[in-house]
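Step one of this worksheet: look at the structure below.
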Ligand SMILES: [Zn+2]
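In our numbering, the protein residues as written are 4 to 586.
Here you go:
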């Protein structure tokens, strides 16, 4: 057993707790965190649940031991999805602790905490105290007994399913064939209880065995490679819809009947319009919807068009939930496929989002692709992550550039946002961008959206060059790098492989190439002839890895794919590559 670390700052993040199980998150650490969380609570009731990771049962037991030792009355809910735990916290007005690492790899684990009523716990709303308290217990080597704690078992699945069924009614008369890919994770428990129980749904199960080794694919549906099984199944089964859930089943990615992923912002727009309509029917004048700084502009337009009001919020669940509760917002939308509902204790639920999509689909009488067609009008870049040495300086360069543009409006609600989108601007000049530092690493996350695809590509390449400190290359016809350009980041706000806007499907497989400043490059050359500053600004269109020069090509240092160089110009095409062996 690895020595227990006393410093938990590496695992206690801004919005939750994450770390390598057995190394960073050991049984003594989990016990101390459970005890410290119990100390934070005003009332002693606490519901503890866990996902199907191999390390989850023992970490959950340790949390319960620690909390009971500090006088908590713990309801052990056992296997559960995160939104199922939030539901229990809301219904029982008890605090909650979920042992899960969401979409992270099998070796990781973590915890999501909430106060009674599913109220969020973030760094500035209790998580810092929990960290300090746990560190003190670990340093002391013991957790003093306090009060009269005890633990008992509860089952929360039935109440959860009933709560969701009460919130969304599916019209009778149309049966929908729905494939759900649970990724061997918690949707394998919740989808049968919620979707399988509805007579309007033919549920087709894919990877429903709860297995913490993730034998089929990682439980991260924002990465396109994890959607392949579901895409095949949707087509094979002639299904109306596909749903892919993440590890703790609080996030859901929707595929239409062709197997194409629907951008999360399009789903958000659909949900926002339904919840606004429902609230207005109930007499609310101008229902509010919280939207994070990275969601598509289309979401804001749909909200305004439906008679609602947008509340801009920073990325991350604690902030969006607090804003929603403070302003009584009906719904919340994040670009990372988190959807929040006032009627679900202001918490997020991928399953409730899926029910809204299913109801809208049944009501429409048409196909899923037709239902969402109007909800992706703009070209999105997806989320691009840039490793940088000095994030502040890089952002300052982008800010200075933006301030030199007369029509640009800059805000700093969440990192840097630049809006260059006005009705009196030419459509080719309408774009916005968001550049956010990662909470945990020296990474900058860039999202660009524009009315026109070429504009999005141009702005994306300009900002890429500014961020990387290179001279902006005169871009001839840039494209094709966005959807796969991600580093895996163990953080609550997941990387987003689903670019918002119509670019999504075409970008992953398009044959567009980046052409960089051809006059600088000698003809008939190899990867070595691609200037270093160009190479530094390029990334593998398939996985976002760095490129190194090999004979007549650039090779990705991460996925090992070869990208041809023709006449000194790198031809970067996503997909359609032979992967060299041992990749
Ligand atoms: Zn999750």
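Each residue gets a CB set at the ideal place from its N, CA and C atoms; glycine is no exception.
In the DSSP assignment, residue 291 falls within the beta strand (DSSP E) that extends over 291-295.
Residue environment for residue 253: buried (at least 16 other C-beta atoms within 10 angstroms of its C-beta). Under the three-state reduction of DSSP output, residue 156 falls in the strand class.
In the structure shown, the three-state DSSP call for residue 57 is coil. In terms of Cβ geometry, residue 262 and residue 238 form a close pair [threshold 8 Å]. Between the alpha carbons of residue 215 and residue 284 lies a distance of about 44 Å. Annotated three-state conformation of residue 464 is helix, per DSSP. For residue 149, the secondary structure class from DSSP, reduced to helix, strand or coil, is coil. Between the segment 384-395 and the segment 429-447 there are three or more inter-stretch CB-CB distances shorter than 8 Å, so the stretches are counted as touching. Of the heavy atoms belonging to ligand 1, at least one sits nearer than 7 Å to the Cβ of residue 254. Residue environment analysis places residue 278 among the buried positions, since at least 16 neighbouring C-beta atoms fall within 10 angstroms of its C-beta.
Three or more Cβ pairs closer than 8 Å define a contact, and the segment 281-299 falls short of that threshold against the segment 354-362. The DSSP-derived three-state label of residue 32 is helix.
DSSP lists 412 and 435 as the bridge partner or partners of residue 422. If you draw a straight line from the Cα of residue 317 to the Cα of residue 115, it is about 19 Å long.
In terms of Cβ geometry, residue 207 and residue 181 form a close pair [threshold 8 Å].
Here the alpha carbons of residue 120 and residue 426 stand approximately 43 Å from one another.
At a cut-off of 7 Å, the beta-carbon of residue 106 counts as near ligand 1: some heavy atom of the ligand is closer than that.
Remark: the C-beta of residue 383 is outside contact range of ligand 1, defined as less than 7 Å to any heavy atom. Within the DSSP secondary-structure output, residue 101 pairs in a beta bridge with 52 and 115. Under the three-state reduction of DSSP, residue 349 is assigned to coil, being neither helix nor strand. Excluding residues up to 5 positions away in sequence, 35, 38, 39 and 146 lie with their Cβ nearer than 7 Å to the Cβ of residue 140 in the same chain. For residue 314, the enclosing beta strand (DSSP E) has its first and last residue at 312-316. In the structure shown, the three-state DSSP call for residue 226 is coil.
Secondary structure within the segment 321-401: the alpha helix (DSSP H) runs of 4 or more consecutive residues, fully enclosed, are 353-367 and 371-376 (chain order). Separation of residue 305 and residue 170 (C-alpha to C-alpha, rounded to the nearest whole angstrom) is 22 Å.
Counted as a single uninterrupted DSSP element, the beta strand (DSSP E) harbouring residue 451 occupies residues 446-453. For the pair residue 128 and residue 134, the Cα-to-Cα distance works out to about 12 Å. Taking residue 17 as reference, the option from 117, 453, 416 and 126 with the minimal CA-CA separation is 126. When DSSP reads this structure, residue 186 sits in no beta bridge, so it has no partner.
Sequence-distant Cβ neighbours of residue 191 in its own chain, meaning closer than 6 Å and more than five residues away, are 185, 211 and 213.
A Cβ-Cβ contact shorter than 8 Å links residue 162 with residue 90.
Closer than 7 Å to some heavy atom of ligand 1: that does not describe the Cβ of residue 193. With a threshold of 16 other beta carbon atoms within 10 Å, residue 138 meets it and is buried. A distance below 7 Å between beta-carbons, with the five flanking residues on each side excluded, links residue 303 to the following residues of its chain, in chain order: 294 and 313.
About 5 Å separates the beta carbons of residue 73 and residue 149, which is inside the 8 Å limit, making them a contact pair.
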